[in-house]
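Residue numbers (the working numbering), protein chains in the order written: chain A, 89 to 325; chain B, 59 to 269.
Notes follow the structure.
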């Protein structure tokens with residue numbers, strides 16, 4: 089009985105400490121988090137779960153900072169004539185503006201990469217998200233993918249499908265051993281880097297084992313390291 | 059809206075540059091500035107002649123206004139780089155460890171802050187070029203080792219990886235497809251042989267040797 093207690097305590101301790109770590113990571117390394125998210129998304133063959141918390145936080149901070157910037161500009165204009173505003177003040181504003189722009193750029197890259205995948209594998213991800221508990225898409229993306237699919241089917245129908253025999257008009261036909269639904273190729277190779285201190289052992293298809301060491305750079309199949317990306321021990325590069 | 063084709067699956071040099079600009083560098087401010095809270099980082103309060111660490115892009119803004127000088131990173135001098143070059147020559151099968159963004163940062167600093175560097179820029183450029191070339195030769199030689207399963211590329215920097223990526227990934231994915239069809243073929247053959255009986259087993263072994 090005492091054993092169970094100790095385990096419980098340990099577990100509780102672990103989860104709380106992990107939460108604290110992840111919290112502090114969010115506030116301190118927003119930049120790195122966003123860059124990692126962007127590059128992971130860019131390099132992975134399939135869509136990764138939407139980084140809701142990170143994006144919410146980044147977007148909120150961007151808009152806060154923009155508001156501050158507007159206020160400062162106003163302050164600057166009011167005081168411009170009296171000569172209170174120094175060049176230093178302008179310099180600071182410039183740094184803040186650049187910072188906002190850099191974040192905007194990263195967010196845009198991240199979202200656009202996701203849209204690319206949604207466009208390419210529309211039917212696949214519509215099927216994926218239906219009835220699956222995992223949150224893969226943001227609400228906006230869900231709306232986008234639905235609309236995209238509607239427009240696409242309408243276009244196909246109006247252009248040529250209506251003139252074809254009805255048995256050939258299915259867009260998600262899987263008969264005849266060939267699926268018409270394009271799915272991401274999770275077996276394809278990716279460049280990875282390990283960012284955890286401990287060595288990761290990965291079993292490859294042919295039964296061999298690959299030891300992925302800290303800071304090591306490898307090219308491996310995406311499917312074999314997928315779960316480490318979810319944990320964050322491995323990043324795509 | 060979607061990402062242009064040339065941006066998919068690879069990073070453009072300009073983007074690698076962008077990422078490099080986030081690295082921290084040490085600066086020697088020439089004037090004071092209050093500390094600032096940016097979205098991602100904090101800029102510490104700057105005081106004249108007191109070293110502080112800031113992201114490279116901030117340093118470049120300050121530098122362009124002549125408000126600071128940039129302390130060159132400890133690897134960006136001829137002696138250190140020469141050492142690395144010798145190391146590259148000594149270990150023909152290994153890359154020496156250089157910073158993740160060495161090419162980008164050295165290029166930026168040579169272009170924007172050449173007066174802050176300890177060595178004359180033509181010497182630096184020449185040793186950087188030497189290093190780059192010897193590493194290029196190595197990575198090209200390494201392409202022979204490409205297979206369908208995995209490779210190790212320790213020591214390469216981000217820009218060098220991006221140079222290799224399109225070629226490496228296409229080749230490896232092709233090899234994988236060939237490998238997979240080959241496996242299916244062998245599997246199909248063994249199944250066929252089983253029904254044929256013992257006599258064909260030799261045949262199969264022969265084919266196995268080619269694989």
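Ideal Cβ placement from N, Cα and C applies to all residues, glycine included.
Note that this is a predicted model, so its numbers are computed, not measured.
Exposure label - residue i; buried when at least 16 CB within 10 Å
i: residue 248 of chain A; result: exposed
i: residue 105 of chain B; result: exposed
i: residue 206 of chain A; result: buried
i: residue 91 of chain B; result: buried
i: residue 113 of chain B; result: buried
i: residue 204 of chain A; result: buried
i: residue 244 of chain A; result: exposed
i: residue 309 of chain A; result: buried
i: residue 175 of chain B; result: buried
i: residue 117 of chain B; result: buried
i: residue 307 of chain A; result: buried
i: residue 290 of chain A; result: buried
i: residue 174 of chain A; result: exposed
i: residue 101 of chain B; result: buried
i: residue 193 of chain B; result: buried
i: residue 230 of chain B; result: buried
i: residue 262 of chain A; result: exposed
i: residue 322 of chain A; result: buried
i: residue 198 of chain B; result: exposed
i: residue 218 of chain A; result: exposed
i: residue 142 of chain B; result: buried
i: residue 242 of chain B; result: exposed
i: residue 225 of chain B; result: exposed
i: residue 159 of chain B; result: buried
i: residue 215 of chain B; result: buried
i: residue 228 of chain B; result: exposed
i: residue 99 of chain B; result: buried
Bridge-paired residues (DSSP) for residue i
i: residue 209 of chain A; result: Looking at the DSSP assignment, residue 209 of chain A forms no beta bridge with any residue, so it has no partner.
i: residue 291 of chain A; result: A:297
i: residue 95 of chain B; result: B:100
i: residue 277 of chain A; result: A:309
i: residue 86 of chain B; result: B:127
i: residue 195 of chain A; result: The partner list for residue 195 of chain A (beta bridge, DSSP) is empty, contrary to what the question assumes.
i: residue 282 of chain A; result: A:322
i: residue 209 of chain B; result: A:307
Limits of the unbroken beta strand (DSSP E) element including residue i
i: residue 229 of chain A; result: Segment 227 to 247 is the alpha helix (DSSP H) holding residue 229 of chain A; no beta strand (DSSP E) there.
i: residue 309 of chain A; result: 305 to 309
i: residue 110 of chain B; result: 110 to 113
i: residue 147 of chain B; result: That residue, residue 147 of chain B, is in no beta strand (DSSP E); its alpha helix (DSSP H) goes 136 to 148.
Cβ-Cβ separation, residue j to residue i (assumed contact under 8 Å), whole Å
i: residue 126 of chain A; j: residue 194 of chain A; result: 6 Å
i: residue 311 of chain A; j: residue 292 of chain A; result: With a Cβ gap of about 10 Å, residue 311 of chain A and residue 292 of chain A do not count as contacting.
i: residue 128 of chain A; j: residue 317 of chain A; result: 6 Å
i: residue 217 of chain B; j: residue 161 of chain B; result: 5 Å
i: residue 133 of chain B; j: residue 157 of chain B; result: 6 Å
i: residue 89 of chain B; j: residue 125 of chain B; result: 5 Å
i: residue 286 of chain A; j: residue 304 of chain A; result: That belief does not hold up - the Cβ atoms of residue 286 of chain A and residue 304 of chain A are roughly 12 Å apart, past 8 Å.
i: residue 181 of chain A; j: residue 157 of chain A; result: 7 Å
i: residue 131 of chain B; j: residue 163 of chain B; result: 7 Å
i: residue 97 of chain B; j: residue 176 of chain A; result: The Cβ separation is near 21 Å, so there is no contact.
i: residue 94 of chain B; j: residue 288 of chain A; result: Incorrect: roughly 39 Å between the Cβ atoms, too far for contact.
i: residue 229 of chain A; j: residue 138 of chain A; result: 7 Å
i: residue 115 of chain B; j: residue 79 of chain B; result: 4 Å
i: residue 74 of chain B; j: residue 220 of chain B; result: 6 Å
Chain A contact residues for residue i, given Cβ-Cβ distances below 9 Å
i: residue 211 of chain B; result: 279, 304, 305, 306 and 307
i: residue 80 of chain B; result: 119, 120, 123 and 190
First and last residue of the uninterrupted alpha helix (DSSP H) at residue i
i: residue 324 of chain A; result: Residue 324 of chain A -> not in any alpha helix (DSSP H); beta strand (DSSP E) instead, spanning 322 to 324.
i: residue 71 of chain B; result: 71 to 78
i: residue 181 of chain B; result: 179 to 200
i: residue 223 of chain A; result: Careful: residue 223 of chain A lies outside any alpha helix (DSSP H) and carries neither H nor E.
i: residue 163 of chain B; result: 160 to 170
i: residue 125 of chain A; result: 118 to 131
Where residue i meets chain A, residues with beta-carbon distance less than 8 Å
i: residue 219 of chain B; result: 279, 305 and 325
i: residue 115 of chain B; result: 186 and 190
i: residue 91 of chain B; result: 176, 179 and 180
Neighbour list for residue i in chain A, Cβ cutoff strictly below 7 Å
i: residue 25 of chain B; result: Here chain B covers residues 59 to 269 and nothing more, so residue 25 of chain B does not appear.
i: residue 223 of chain B; result: 279
i: residue 99 of chain B; result: 119
i: residue 230 of chain B; result: 277 and 307
i: residue 226 of chain B; result: 307
Interface residues of chain B facing residue i [CB-CB closer than 9 Å]
i: residue 292 of chain A; result: 207 and 208
i: residue 201 of chain A; result: 60, 61, 65 and 66
7 Å Cβ cut-off: residues of chain B touching residue i
i: residue 269 of chain A; result: Ordered by position in chain B, no residue passes the 7 Å Cβ test against residue 269 of chain A, which lies about 19 Å from the chain.
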